[in-house]
Structure formats: C-alpha cells, structure tokens
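One structure below.
Residue numbers (the UniProt record's numbering), protein chains in the order written: chain A, 1 to 392; chain B, 1 to 166.
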C-alpha cells in the first residue's frame, strides 16, 4: 500500500486555498518571449546609487557581518525617526516605536499577524498590492474589499468605508501613493475618513512605501493627523525611494504595545534584517537625499510623457500623483484587462500587468510602470498605438 | 518658463540633446512652442553653447589620436594676470581645454589632442614652452578614459530587472 500523501493533504488548507499571483502567470508568459518592452516592472530602473553600495561594501571590509539588535541598528532607527519627522511630520520613538524589517513586505505580514484573531475582518482598499489578500488570509483574517474608481482618482471615500464595516472589522489596510493606480490622498481627504475610523475603533495599516514618489506636492501621512498616531501602523522602506529593492529593507512604526507584538514575531522568524543592507540604508538616509530627488524628477517627467501618450492613442488615463505607475482604462476596447494585456504582449511585444490582478475594481485597466527609459517608453507607446489602431 | 523648469530643460538636453521640443514639452507639461522659445533664448544667451555627442573613442578602431594633460607654470602679467597667456593657448586648434587651477604647483591645466605622441611633444616643446610667460611644462598622457563628462564609459549599471515584477 502506498504511503505517499497527496499534495493537498500535505499543505495547510489555508495555503492550499491561496490563488497563485496573477502577476506570476504573466511573468512566465512575458519572460518566454524575445524583444519584449516591459512596462510591467514594479521597481525603479535606477541601480541603487553608488554611495549606498559603497557604504555596504565598506561595512563588509570593516567586518560588520554580525547580527544586529532584533529591532535593527539603533543608529538606523534614530535616522528613520529624524527622517519621518522632517519629511512627513510624524514622530516615533526610535527605541520603542520603530522596527527594521526585511522589506516592507515583512512589515505588512507581522503587522497583520500581530493584530488579527481568526475571523477578524480587514478592509482592503483596492486596486491593491497583490500580497494584501493572501497575507491577511495567512494571518487568519478575512479580507473585505473597498472599491475605488478612476472617476474618483482612486481615492477612498467615507461612504465606501462606512458601508463595509461590521462588528468583526478590526483594521483597514491601504497603500497611498497607490500601487497600481498612482492615486494619492490629501490631508483634507484623510480628515473626512477619521470620524468613521474613530467611531468604529479601527486600526490603520498605512503602507507608505511610495511616500517619497509624489509629484507636485508632499505626501500626507494619515499618521500625522490628530489622534491617528496611536491607531496607525506605518510601514515603509527603502526599495522605491532609494532604488534599493533587492536589499530587502523596510521598517514599521507603531505604538510600543503594537510594536512589541510585532517584534515577537520578527525575532522568532527573521531575527534581524541583514546588517549590510542596514549599513546601506543608513547612508541613504544620511546622504542619499539628492540621489532620490534626481530620480523623482525623472519619474515626474516620464509620468507626464506617458499619460499624454496614452491619451493621444485613445486610452483614458487619470493623472497619477504618486508612485511610478499609470493605470489607464482599456474599457473602450471591449476587452478585459487580461485579454488586452495578452494581445498587447503577443502582437506588439509590450508587457503590462492586467489591472484585475490587483483586485476586481482593477478590471478594465492595465498597470503600466514608467520606471523605464524614455527610449523604451517611446517605443512602447508606438506599439500600443498600433494595437489601438487595429482594435478601432 | 520659471527658472526651475529652465534648469530641468537644460538637464534633459545635457542628457540627450537629440530630444525634440515636443517630447520635452510633454515631459515638463509645457506647450511645444514654449520649449522652442526657451531653447532659442538659451542659445542666444550662450547658455546652450553647442550640442555635442559624447564619443567613446576607445571603441573606435584606428582612431589616430592621443590625449595629454599638460601642467603649465606661467608668470602672470601686470593688469591681465593669467588671462592673456591663457587666451593665447586657447587659440591653438590642438588645445581642447584650458583651466586656471588653484592649489597646484602649476597655474594652467591644458588638455591636448594630437595624432601621435611625437606631435604632442613637438607642440609642447616648440609652441607652448616657447611662449614668453611660460616658465615650465609637465606633460601627462592619458592612457585610458574611465569616466568623461560625468559618464562612465564602460557602463556596468545595465538593467537587470525581470520582465514583470510585483
């Protein structure tokens, strides 16, 4: 008699029930083709500025290869505190309210695991980063989706928020500036949501990984608004602003009680973030501001170029105020997001990500990253124009 | 056009001078005509001096040129200081650049291009060193160029990203 177990029985039911990422499927398809122009990349096209790479190399030469404190190097946490206060007017105590993590992704995971009991509901503002739903489920929670639309510049409205709150709602999670839409929220727009958040005693998980990438105005953090620091878990990292995706370095800020909970999970699973990455991050915060500004200026110029380009070829597109994504509507073609993206890839060799992989309200859109060279953007727009010509 | 946008315009042209006014206009959210006018004004004011291409001559086969940097010590003249001799040196077509230096044991740095090392040597000994104000020269030949005008000539920072990422 065979003793081999079936795959299904060897995996937990939660993991077995998770859907594979829609992005993954598209990656496999695009990666198998030659000559593809990619607007499907969710990371800066800049290599990490040399000063950060050099700081990391230098730290290795000096033998900084040991563990750091579970919460991360104190001098890095002090720099994070200074940076957040100066840039976004939010202040966290470096010793008890800041934890350095292995990317913002780990921060999201431990934040959810620290606060959720089985069956707790988490409101998710969509279209959203592809990991939110599975990570909520892995933490035993139940995701409940709040829709945003292009007509409303992908902003969360009080009506949409209030409608979905139940006695089981524990928290709300969102990313502004938003991946995939590029939408942002102003302080005044946040203020319309605060009475509801307070009335229902919600915790807020604010993913601010794109906070530096705003165009025309500074990012407004919800944690900076009166009374919000105590109920907000602020998550950010170095990947997007400092072009440090592969370093896997992020951080989470919260009140001492919440942070202590997250630290427990972090110390038992990750122990600490990589030391050489922390050394590079220290350099980024101390001396990397001018590199960051140069990259932001470039993203803004490209944003202007691609949004104009989409409109010229007949795709309606809202002007994204942040991140490095445009999220044009392809509804006028009569195709679904997946059909359009597949056609674009197969016929014109341009890779974009179908909007519906970011949630149901992303259907009818495609995510186009403009974190790529102007030369590639020009070619991609020409090819997309060809497809639109064939479809009209 | 405000001065911030004007600086951005100059940076874009410095990066790629073949970029069209229309493209720049889209990038800076300005009408094409505004960009064209701004470029014309900057050209007239000699802010934009030239639209050169940066060539990596190391990659051009049989390029018959050698480059040298020459440290030149001079005796400054009353009223005109170093300017008169610097301007004379500038007029030689072989000379690519002339800088007045501080903190060095010499006064002028002269960048030279010649077909052969002999040609450079002849220029230095017969033309440069014989100028009245020139006290001494020290010639350094450039063996290899790694970075020029802010550009690393051997680009190791190529795009290594996957085709589609989260």
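Note that beta-carbon positions come from the ideal geometry of N, C-alpha and C, so glycine has one too. Bear in mind that the values here come from a model prediction, so they are computed numbers and not experimental data.
Residue i - partner residues in DSSP beta bridges
{"i": "residue 302 (chain A)", "result": "Paired residues: none, contrary to the question."}
{"i": "residue 136 (chain B)", "result": "B:73"}
{"i": "residue 123 (chain A)", "result": "A:144 and A:172"}
{"i": "residue 251 (chain A)", "result": "A:100 and A:236"}
{"i": "residue 38 (chain A)", "result": "A:351"}
{"i": "residue 204 (chain A)", "result": "A:172 and A:232"}
{"i": "residue 367 (chain A)", "result": "A:353"}
{"i": "residue 68 (chain B)", "result": "B:112 and B:141"}
{"i": "residue 325 (chain A)", "result": "A:369"}
{"i": "residue 192 (chain A)", "result": "Paired residue(s): none; residue 192 (chain A) is not in a bridge."}
Proximal residues to residue i (C-beta, below 8 Å), its chain only, five neighbours per side dropped
{"i": "residue 360 (chain A)", "result": "126, 145 and 147"}
{"i": "residue 60 (chain A)", "result": "276"}
{"i": "residue 153 (chain B)", "result": "56, 58, 145, 146 and 147"}
{"i": "residue 388 (chain A)", "result": "313, 314, 315 and 333"}
{"i": "residue 84 (chain B)", "result": "77 and 133"}
{"i": "residue 76 (chain A)", "result": "100, 278, 281, 282 and 285"}
{"i": "residue 82 (chain B)", "result": "74, 76, 100, 107 and 108"}
Neighbourhood of residue i by C-beta, 6 Å cutoff - its chain only, sequence neighbours within 5 removed
{"i": "residue 44 (chain A)", "result": "243 and 371"}
{"i": "residue 84 (chain A)", "result": "90"}
{"i": "residue 67 (chain A)", "result": "272"}
{"i": "residue 35 (chain A)", "result": "349"}
{"i": "residue 139 (chain B)", "result": "68, 70 and 124"}
{"i": "residue 111 (chain B)", "result": "69, 96 and 97"}
{"i": "residue 133 (chain A)", "result": "143"}
{"i": "residue 48 (chain A)", "result": "243 and 244"}
{"i": "residue 341 (chain A)", "result": "352, 354 and 366"}
Whole-angstrom C-beta distance between residue j and residue i, which should lie under 8 Å
{"i": "residue 108 (chain A)", "j": "residue 266 (chain A)", "result": "Rounded, the Cβ-Cβ distance is 12 Å, inconsistent with contact."}
{"i": "residue 88 (chain A)", "j": "residue 224 (chain A)", "result": "6 Å"}
{"i": "residue 137 (chain A)", "j": "residue 18 (chain A)", "result": "7 Å"}
{"i": "residue 100 (chain A)", "j": "residue 241 (chain A)", "result": "Rounded, the Cβ-Cβ distance is 16 Å, inconsistent with contact."}
{"i": "residue 321 (chain A)", "j": "residue 214 (chain A)", "result": "6 Å"}
{"i": "residue 72 (chain B)", "j": "residue 106 (chain B)", "result": "6 Å"}
{"i": "residue 36 (chain B)", "j": "residue 5 (chain B)", "result": "Residue 36 (chain B) to residue 5 (chain B), Cβ: 14 Å. No contact."}
{"i": "residue 62 (chain A)", "j": "residue 287 (chain A)", "result": "In fact, because the Cβ distance is near 18 Å, the residues do not count as touching under 8 Å."}
{"i": "residue 261 (chain A)", "j": "residue 114 (chain A)", "result": "4 Å"}
{"i": "residue 24 (chain B)", "j": "residue 10 (chain B)", "result": "Their Cβ separation, rounded to whole angstroms, is 10 Å, which puts residue 24 (chain B) and residue 10 (chain B) out of contact at 8 Å."}
{"i": "residue 237 (chain A)", "j": "residue 338 (chain A)", "result": "Wrong, their Cβ atoms sit about 30 Å apart, outside the cutoff."}
{"i": "residue 234 (chain A)", "j": "residue 208 (chain A)", "result": "6 Å"}
{"i": "residue 186 (chain B)", "j": "residue 358 (chain A)", "result": "Shown here, chain B extends from 1 to 166; a query on residue 186 (chain B) therefore has no answer."}
{"i": "residue 74 (chain B)", "j": "residue 135 (chain B)", "result": "6 Å"}
{"i": "residue 151 (chain B)", "j": "residue 54 (chain B)", "result": "6 Å"}
{"i": "residue 220 (chain A)", "j": "residue 187 (chain A)", "result": "4 Å"}
{"i": "residue 141 (chain A)", "j": "residue 116 (chain A)", "result": "4 Å"}
{"i": "residue 131 (chain B)", "j": "residue 161 (chain B)", "result": "No, residue 131 (chain B) and residue 161 (chain B) are not in contact; Cβ-Cβ is about 55 Å, not under 8 Å."}
{"i": "residue 39 (chain B)", "j": "residue 21 (chain B)", "result": "7 Å"}
Beta-carbon proximity list for residue i, same chain, < 7 Å, skipping 5 on both sides
{"i": "residue 70 (chain A)", "result": "263, 266, 267, 271 and 272"}
{"i": "residue 279 (chain A)", "result": "55, 56, 59 and 64"}
{"i": "residue 346 (chain A)", "result": "none"}
{"i": "residue 323 (chain A)", "result": "177, 178, 179, 182, 210 and 213"}
{"i": "residue 17 (chain B)", "result": "51"}
{"i": "residue 222 (chain A)", "result": "190, 204, 206, 228 and 232"}
{"i": "residue 155 (chain A)", "result": "148, 183, 185 and 189"}
Touch test, the stretch 304-318 of chain A against the stretch 87-104 of chain A, Cβ-Cβ under 8 Å, three pairs minimum: Fewer than three Cβ pairs drawn from the stretch 304-318 of chain A and the stretch 87-104 of chain A lie within less than 8 Å of each other, which leaves the two stretches out of contact.
Taking contact to mean at least 3 C-beta pairs separated by less than 8 Å, is the stretch 140-150 of chain B in contact with the stretch 58-73 of chain B? Result yes; three or more Cβ-Cβ pairs closer than 8 Å.
Between the stretch 42-56 of chain B and the stretch 119-130 of chain B, are three or more C-beta pairs nearer than 8 Å? These segments do not touch.
Members of the stretch 344-356 of chain A near chain B, C-beta cut-off 7 Å: Result list: 351 and 353.
Members of the stretch 22-33 of chain B that neighbour chain A once the beta carbon cut-off is set at 8 Å: Those residues of the stretch 22-33 of chain B that come within reach of chain A (Cβ to Cβ, closer than 8 Å) are 23, 26, 27, 28 and 29.
Decide yes or no for the touch test of the stretch 163-171 of chain A against the stretch 119-135 of chain A: beta carbon pairs closer than 8 Å, at least 3 of them. Touching, yes.
Could you list the residues in the stretch 9-20 of chain B with a C-beta less than 7 Å from some C-beta on chain A, going in chain order? If the cut-off is 7 Å between Cβ atoms, the stretch 9-20 of chain B has nothing near chain A.
How about the stretch 326-338 of chain A and the stretch 364-384 of chain A: do they share at least three Cβ pairs that are nearer than 8 Å? The stretch 326-338 of chain A is in contact with the stretch 364-384 of chain A.
Counting only Cβ-Cβ distances shorter than 7 Å, please list the residues of the stretch 36-48 of chain A near chain B, keeping chain order. The stretch 36-48 of chain A vs chain B, Cβ under 7 Å: 36, 38, 40, 41, 42, 43, 45 and 47.
For the stretch 75-98 of chain B, enumerate the residues whose C-beta is nearer than 8 Å to any C-beta of chain A, in chain order. Within the stretch 75-98 of chain B, no residue has a Cβ lying closer than 8 Å to any Cβ of chain A.
For the stretch 12-31 of chain A, enumerate the residues whose C-beta is nearer than 7 Å to any C-beta of chain B, in chain order. Listed by position along the chain: 23, 26, 27, 30 and 31.
With 8 Å as the C-beta to C-beta threshold (strictly closer), list the residues of the stretch 111-142 of chain A near chain B in chain order. Answer set for the stretch 111-142 of chain A: 129, 130 and 131.
At a cut of 8 Å, does the stretch 293-310 of chain A reach the stretch 369-388 of chain A through at least three beta carbon pairs? A contact exists between the stretch 293-310 of chain A and the stretch 369-388 of chain A.
By the 7 Å beta-carbon criterion, what residues does the stretch 304-318 of chain A contribute toward chain B? Per Cβ criterion, the list reads 304, 305 and 308.
Closer than 8 Å between beta carbons: that is the criterion. Which residues of the stretch 274-299 of chain A meet it against chain B? Taking 8 Å as the Cβ-Cβ cut-off against chain B, the residues of the stretch 274-299 of chain A that qualify are 297.
Can we say the stretch 249-260 of chain A touches the stretch 44-59 of chain A, given the rule of at least three CB pairs closer than 8 Å? Contact between the stretch 249-260 of chain A and the stretch 44-59 of chain A is absent, because fewer than three Cβ pairs lie under 8 Å.
Taking contact to mean at least 3 C-beta pairs separated by less than 8 Å, is the stretch 176-183 of chain A in contact with the stretch 159-167 of chain A? Touching, no.
Using a Cβ cut-off of 7 Å, which residues of the stretch 136-162 of chain B contact any Cβ in chain A, in chain order? Listed by position along the chain: 157, 159, 161 and 162.
Using Cβ-Cβ distances below 7 Å, what residues of the stretch 110-128 of chain B are close to chain A? Going along the stretch 110-128 of chain B in chain order, one finds no residue with a Cβ nearer than 7 Å to chain A.
Taking only beta carbons into account, state which residues of the stretch 141-158 of chain A come closer than 9 Å to chain B, listed in chain order. Under the 9 Å Cβ criterion, the stretch 141-158 of chain A contributes no residue.
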